[in-house]
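To start, the structure under review is shown below, and the notes come after it.
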Amino acid sequence: MILIKLGGSIITDKTQYKTFNAAATRRLCKEIADSGASAMIVHGGGSFGHVLAKEHSLQDGFRDPRQTAAVARVQHDMRCLNLMVIDELLSAGIPAVSVPPGSCFMMEDGRLIFDDPEVLLSASRLGIMPVMFGDVVFDRLKGFGICSGDQLMEALCGLYRPERAVFVSDVDGLFDKDPKANPDARLLAEVTRELLGGVSSDSAAADVTGGVRAKMEAMLRMASPERDCVLVNGSAEGRLYSLLKGERVISTIARGGL
Ligand code: ATP
Ligand code: IP8
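In my numbering, the protein residues as written are 232 to 489.
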């Protein structure tokens, strides 16, 4: 089984509040379906999550009653995005159901509590794909917080033990600096903890979950000698399909045991 995170950078325009990238999402869902891979999908928040979450510091937990309207709004916006992704999966022939983390799980001081995954397992046993996404999740200590799609990928890795975890974004992989702002940025084909230390991850887009650096750290934790974690560009047509078919493609690999 392959776990796939469709990043907010590819399924939305992260610079424009609530802008869905329908064409890219449709194509990526079709690439996943056409590959025939046994897959499970998570998606990120992009401009449906990060813009308002940042404006109201939702990642820091409850500070001020004025945040509560934003908590409700971000949950609403994320469910809208999720249903648009689910629509595309259904159109591609994948029976997918929405599993909103903020309604199914709790956090404790930012850590996702994942000890009752019965809903997920019941769906997947029937061949139905439960689709989770980065969300505002209630927190036993902080009131609420933001659970990222990357955190969910880690939790699902523990549950399903996939042979591979694939993170789809809008650039070719991890560079030594943001390739959007630096045309001379150098792509890293493989990443280790040591190499990550030398990477600059400053980005213009709003992001409350640590951006590409936190993603790479999660990927390094998930990687094992039996499991590669790959960061791949979803805006390059056919690249995700080729990767899922087992071909080598331009990407960054976090390899376990390095
Ligand atoms: P989301 O968290 O909304 O789901 P995502 O998972 O797609 O988004 P991001 O956290 O937005 O991923 O990370 C990808 C973005 O990181 C790219 O759009 C890129 O511009 C930016 N970035 C900044 N620094 C780097 C870097 N050194 N290498 C690669 N990308 C970088
Ligand atoms: O985009 C964050 O999830 P991510 C979701 O996977 C919100 O980091 C609500 C900001």
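Glycine is no exception: its CB is placed at the ideal position from the N, C-alpha and C atoms.
At the C-beta level, Ile481 and Val461 stay beyond 7 Å of one another.
Under the three-state reduction of DSSP, Ile235 is assigned to strand. According to the DSSP assignment, Asn313 belongs to the alpha helix (DSSP H) that extends over 299-322.
Met363 is bridged by DSSP to Val273. Sequence-distant Cβ neighbours of Ala449 in its own chain, meaning closer than 6 Å and more than five residues away, are Asp381, Glu385. Annotation: the continuous alpha helix (DSSP H) that includes Asp265 extends over 253-266.
The alpha-carbon separation between Gly280 and Gly477 amounts to approximately 32 Å. Pairing Cys388 with Arg486, the inter-Cα distance amounts to about 15 Å.
The ligand IP8 has no heavy atom closer than 6 Å to the beta-carbon of Gly469. One alpha carbon belongs to Gly442, the other to Arg424, and they sit about 16 Å apart. Scanning its chain for C-beta atoms nearer than 7 Å, with the 5 sequence neighbours on each side dropped, one finds around Gly376 the residues Gln290, Gly292, Met338, Gly341, Val368, Asp370, in chain order.
When secondary structure is reduced to three states using DSSP, Leu427 falls in the helix class. With a minimum length of 3 residues, the unbroken runs of beta strand (DSSP E) contained wholly in the region 387-442 fall at 395-400.
Tyr248 places its beta carbon less than 7 Å from that of Val282. The Cβ atoms of Ile235 and Ile272 sit closer than 7 Å to each other. Put simply, the backbone Cα of Leu320 is about 23 Å away from that of Arg392. Taking all protein chains shown into account, Asp366 has 16 or more neighbouring C-beta atoms within 10 Å of its C-beta and is therefore buried.
Contact between Phe345 and Met309 is absent: CB atoms are separated by about 19 Å, not below the 8 Å threshold.
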